[in-house]
Amino acid sequence: MTLKSGKNPNKILLVEGVDDFHVVCAILKKYQIPETFSVENTEGVEKLFEQIPTRLLQSEIQTLGILIGADTNLKKRWKQLKTKLPNLPEKPNPSGTIFTQGEIKVGIWLMPDNNLDGMLEDFICSLVPADDKLMPFVEETLQNLKDKKLQNFKEIHCSKAKIHTWLAWQKTPGTPLGLAITKKYLDEKNNKCLPFLEWLKNLFTK
Amino acid sequence: MLNSLLVKNYRNLENLEIPSLARVNLIVGKNNVGKSSLLEALYLYFTTNENFGTSLEVIRKILLDRDELFFEQKDFKNIETFSPIFTNRKIVYFDENKFIFIGESEKGGIVISPSKFYNVTGEDDNFKKRERIKNNEEFLNLAKQGMKIESEIRINGSGIAYTLNSGNYELNYFTPTNDLSLLANCKFLTTKTNSPELSKLWDEITLTNKEKYVIEALSLIEPIEGLSFIETTERPKIPLVKTKNNQRIPLKSMGDGINHILSIALNLVNCENGCFLIDEFENGLHYSVQTKLFEVIFSLAEKLNAQVFATTHSNDTLKAFSEVINNKKYQNQGKIIRLENKNGLIKHVEISDENLKLAMENDIEIR
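Residue numbers (the numbering used here), protein chains in the order written: chain E, 4 to 209; chain Z, 1027 to 1393.
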């Protein structure tokens, strides 16, 4: 089942996975952003790319937002997008890219911040309160694993391991990313979140 | 077969260009974007080669189906009868850019042109010539001189003429029209009145191989061995079928779906080397039958060298169509035509087979 939220089928934000979906929905709820658009999970980044041309043909579509991870190579990601969206600017805008393709307003946000390589989890890590007491222990533990050659995951997934370890040590261990925002473990008032919200506002409400 | 289409000034299709067409075409789009108008335009195009009487009868059917023919409009007594088929319901004289055009491209097609003429008496008094009036200025001048002026709706080379009589343009002489049900190889199946009588269509193909095609199509719903039309006290004749258990039962008793399939099959087999137009394909058909019916339509259309255009509002129909055109056997034989209203102008949006497939898989709305 594809996850869909929102009532307006003419303004859509595509996300690449279930965590991204729940995080976005939680942020929207937290900031009481009106449901002027729908969020849809494409279940994979490949599928998201595959869908772009058809989305541009969708009946009465006005706005298409795309939220994806920059992953290991932001430049490569941008090139991939360019093949599907010819009007894409040369470089990502640090405050989120917005342009028009045909008559459709298109927005791109590259997780975490349109500048660094990374993904959703890097963005979430940046929302951990600055004075958090547990995070130094998480970091130490992960460093320990690495030193003892016990790190099974790839380097790019460090932030994934970090945030999920941190969430495993909260009051309710193993809270999913979206719920962590709802439950206030994460500091969504953190100003790292603001540029993303601003981008959403510019894309969907203006 | 039409490979592309250009329609100008026909109803709300002010300037519609469709760069490529296939053997079987499915037209989608919101209400009031001109799906039925497009079928009508195609109907006019495919029947105009016959003769002027036929064209008039085609226009009559088109107007009747939309309740646009009543009172003094009947029998084309008033020139305004024609106004609904023009953009903005307005007959504009002298301006070529406002004439109705329907054709494959600019190069050739049918032109419906409202024109005005006056009679010139030559040097020899017996010699009378009609002259076409070029513009409004000339018309006003001639009218001032009290010249007798005729207005005409011309379809390609022939026209139907009206004379101004106390403020109204009245018909000069009656042009005989033709019975459309016997019209060669272009059929228009609408949900409304005036569809060709099925028994007549059956008579056209009886004792030919085409009988078999019709029975095969009906058997999509229930195995059937034979079909016949019988006379009743009330017209029209009613279709009876012979079932596998040798029973004779009226087709109507088997539900709306099978009757719709009979209409589609009978019309299509009468369109050899021509064109078949269906308004609202899905009418009364369950999703599971639609895929099979499309397969029948694709294979018959190819066998009979006919082109098919259908409209739909149903996502099930779109899904069934997508399944069939993604089958290798029917590759490149089908095409989606989506009409869209862009700031008041009706445009065509190209949707590839691949995009259609993706849209169906991911539940993306492309109707």
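In this text, a Cβ means the ideal position worked out from N, Cα and C, and glycines have one as well. Bear in mind that the values here come from a model prediction, so they are computed numbers and not experimental data.
- Here residue 1278 of chain Z has 1264, 1265 and 1285 as same chain residues with Cβ atoms under 8 Å from its own Cβ, once five neighbours each way along the sequence are excluded.
- Per DSSP, the unbroken alpha helix (DSSP H) holding residue 80 of chain E starts and ends at 77-87.
- For residue 1171 of chain Z, the secondary structure class from DSSP, reduced to helix, strand or coil, is coil.
- When the alpha-carbon of residue 1058 of chain Z is set against those of Z:1390, Z:1366, Z:1282 and Z:1124, the nearest one is in Z:1366.
- Using a C-beta cut-off of 8 Å, the segment 132-149 of chain E makes no contact with the segment 91-102 of chain E, since fewer than three inter-stretch Cβ pairs fall below that distance.
- Taking a 10 Å sphere around the C-beta of residue 1334 of chain Z, we find 16 or more other C-beta atoms and assign the residue as buried.
- Excluding residues up to 5 positions away in sequence, 91 lie with their Cβ nearer than 6 Å to the Cβ of residue 84 of chain E in the same chain.
- Look at residue 1344 of chain Z: its C-beta is not under 9 Å from any C-beta on chain E.
- Contact note: residue 1115 of chain Z does not reach chain E at a C-beta cutoff of 8 Å; the least C-beta distance is about 26 Å.
- By DSSP's assignment, residue 171 of chain E forms no beta bridge with any residue.
- Contact between the segment 1065-1073 of chain Z and the segment 1117-1124 of chain Z is absent: fewer than 3 CB-CB pairs across the two stretches fall below 8 Å.
- Rounded to the nearest whole angstrom, the C-alpha separation of residue 64 of chain E and residue 18 of chain E is 17 Å.
- Cβ proximity to chain Z below 7 Å picks out 53, 54, 56, 57, 58, 60, 61 and 62 from the segment 47-68 of chain E.
- Within chain Z, the residues whose beta carbon sits less than 7 Å from that of residue 12 of chain E are 1391, listed in sequence order.
- Taking the CA atoms as reference points, residue 1062 of chain Z sits about 23 Å from residue 1134 of chain Z.
- DSSP places residue 131 of chain E in the coil class of the three-state scheme, outside both helix and strand.
- Closest option to residue 209 of chain E, judged by alpha-carbon separation, among E:74, E:178, E:51 and E:37: E:37.
- Residue 1051 of chain Z carries a strand assignment under DSSP once its states are collapsed to helix, strand and coil.
- Taking a Cβ-Cβ cut-off of 7 Å, residue 1371 of chain Z has no neighbours in chain E, whose nearest Cβ is about 13 Å from it.
- The segment 1029-1089 of chain Z is shown to contain whole alpha helix (DSSP H) runs of 4 or more residues at 1061-1073, in chain order.
- Between the alpha carbons of residue 1324 of chain Z and residue 1381 of chain Z lies a distance of about 20 Å.
- Per DSSP, the beta bridge partners of residue 101 of chain E are E:110.
- The residue from E:113, E:108 and E:204 with its alpha-carbon nearest to that of residue 82 of chain E is E:113.
- With fewer than 16 other CB atoms across the displayed protein chains lying within 10 angstroms of its CB, residue 187 of chain E is exposed.
- A contact between stretches requires three or more CB pairs, one per stretch, nearer than 8 Å, and the segment 1029-1048 of chain Z fails this requirement with the segment 44-64 of chain E.
- Taking C-alpha positions only, residue 1337 of chain Z is separated from residue 1303 of chain Z by approximately 9 Å.
- Closer than 9 Å at the C-beta level to chain E, one finds these residues of the segment 1032-1061 of chain Z: 1054, 1055 and 1056.
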